[in-house]
Amino acid sequence: MPLSIHQFACLSDNYGFLVRDEASGRTACIDTPDAAAVLRELEGLGWGLDLILNTHWHPDHAGGNAEIKAATGCAIVGPAEVTRIAPLDREVTHGDVVELGETRFEVIDSGGHTLGHIAYFDAVDRIAFVGDTLFALGCGRLFEGTAEQMWDSLQRLAALPDDTTVYCAHEYTASNARFALSVDDSPAVKARADEVFAARARDAWTVPTTIGLEKATNPFLRAPLLAAQVGAAGQPDAAAFGAVRAAKDSFKG
Ligand code: ZN
Ligand code: FE
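Under the working numbering, the residues of the sequence shown are numbered 19 to 271, in order.
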């Protein structure tokens, strides 16, 4: 049964997502970057709110939890690390399932950006909410985890079906595309970068993306192929990933 998804921009470069299970009318909010924006969007849609699904503890993802719960009476589901900034009604970890009416979200460990980061995957509709783990042409910074942990997380996401629609939490794609072009001269990357720059020039969104498109063009998923470009020739895949991530951290473009 389909899931309706309402995406909106908020804060400086975040996306918020409200989803509705059409069979039951139950609704969820993926992360809470901006409580006022979430409540305004709910009102515009005429939706109540049953659940908040958090991906990680950062304030631009869980900072609106308390205010939105107070306004709607929703329950909050997320990884244990979210309790650093707000209480949870249910803690979830890798392999757990969160039900929203007839929709089932599988919880996938995607630690690395933060240690406890998780993603939510609806296998029937082939939809993934990945927070700050995988971005269009990018990936999250390693604030808490290691390159090995993040590489493993990215591999779990890359193993989802190619036609999975991927909802990332930020519009970072133009900056990611400039970096991708600096380490990868493949025609697919060039073509995608051109599309991204054109989209951003007319203020269009580049999110969502798909797993297939990211596998073909994302320099972090393609890190083993780019190892020589970043001084990691012959190293294990996770080390090549770490070198690409470090190159992006210091990239001025
Ligand atoms: Zn974050
Ligand atoms: Fe974020």
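Don't be surprised by glycine CBs; every beta carbon is placed ideally from N, CA and C.
How many angstroms separate the CA atom of residue i from the CA atom of residue j?
i      : j      : result
Pro51  : Gly129 : 19 Å
Thr182 : Asn72  : 20 Å
Ala192 : Thr151 : 17 Å
Leu239 : Gly230 : 11 Å
Gly62  : Phe26  : 12 Å
Val248 : Ala165 : 15 Å
Leu21  : Asp203 : 37 Å
Phe259 : Ala88  : 42 Å
Arg210 : Phe197 : 13 Å
Ala250 : Val142 : 39 Å
Val116 : Phe35  : 16 Å
Asn83  : Ala93  : 10 Å
Asn32  : Leu199 : 24 Å
Ala234 : His131 : 22 Å
Trp65  : Thr45  : 7 Å
His188 : Lys270 : 19 Å
His79  : Thr228 : 22 Å
Phe215 : Ser30  : 18 Å
His76  : Ala241 : 26 Å
Gly163 : Ala154 : 20 Å
Pro237 : Ala222 : 22 Å
Thr111 : Val125 : 6 Å
Thr224 : Glu120 : 29 Å
Gly43  : Gly91  : 16 Å
Val56  : Pro254 : 42 Å
Asp39  : Phe123 : 11 Å
His74  : Ala54  : 20 Å
Val212 : Tyr185 : Per the sequence shown, the amino acid found at residue 212 is Asp instead of Val. Going from the Cα of Asp212 to the Cα of Tyr185 covers about 21 Å.
Ala104 : Ala98  : 10 Å
Arg102 : Gln167 : 21 Å
Asp180 : Tyr190 : 22 Å
Ala219 : Ser268 : 25 Å
Asp49  : Glu232 : 22 Å
At a cut-off of 7 Å, would you count residue i as near ligand 2, judging by its Cβ distance to the nearest heavy atom?
i      : result
His76  : yes
Asp150 : yes
His79  : yes
Ala187 : yes
Please look up how many angstroms separate the CB atoms of residue i and residue j, rounded, as I've assumed it's under 8 Å.
i      : j      : result
Asp127 : Ser171 : 7 Å
Ile86  : Cys47  : 7 Å
Gly149 : His135 : 6 Å
Leu244 : Val262 : 6 Å
Leu60  : Leu69  : Actually they are not in contact, since the Cβ atoms of Leu60 and Leu69 sit about 13 Å apart, beyond 8 Å.
Ala146 : Leu118 : No, Ala146 and Leu118 are not in contact; Cβ-Cβ is about 15 Å, not under 8 Å.
Ala256 : Trp169 : 4 Å
Ala137 : Leu106 : Between Leu106 and Ala137 the Cβ distance is about 17 Å, and since that is not below 8 Å, they are no contact.
Gly252 : Asn194 : Contact flag wrong, Cβ pair sits at about 26 Å.
Val100 : Arg108 : Not quite, the Cβ-Cβ distance comes to about 11 Å (not below 8 Å), so this is no contact.
Can you determine whether any heavy atom of ligand 1 sits closer than 7 Å to the C-beta of residue i, and answer yes or no?
i      : result
His112 : no
Gly82  : no
Gly158 : yes
His131 : yes
List in chain order: all unbroken alpha helix (DSSP H) runs of 4+ residues lying wholly within the region 151-194.
165-176
Beta strand (DSSP E) segments (min. 3 residues) lying fully within the region 55-87
69-71
At what residue ranges does the region 215-246 contain a whole run of the alpha helix (DSSP H), taking only runs of 4 or more?
229-235, 241-244
Start-end ranges of the alpha helix (DSSP H) lying completely within the region 81-133, minimum 4 residues:
Runs of the alpha helix (DSSP H) lying entirely within the region 81-133 and spanning at least 4 residues, in chain order: 83-90.
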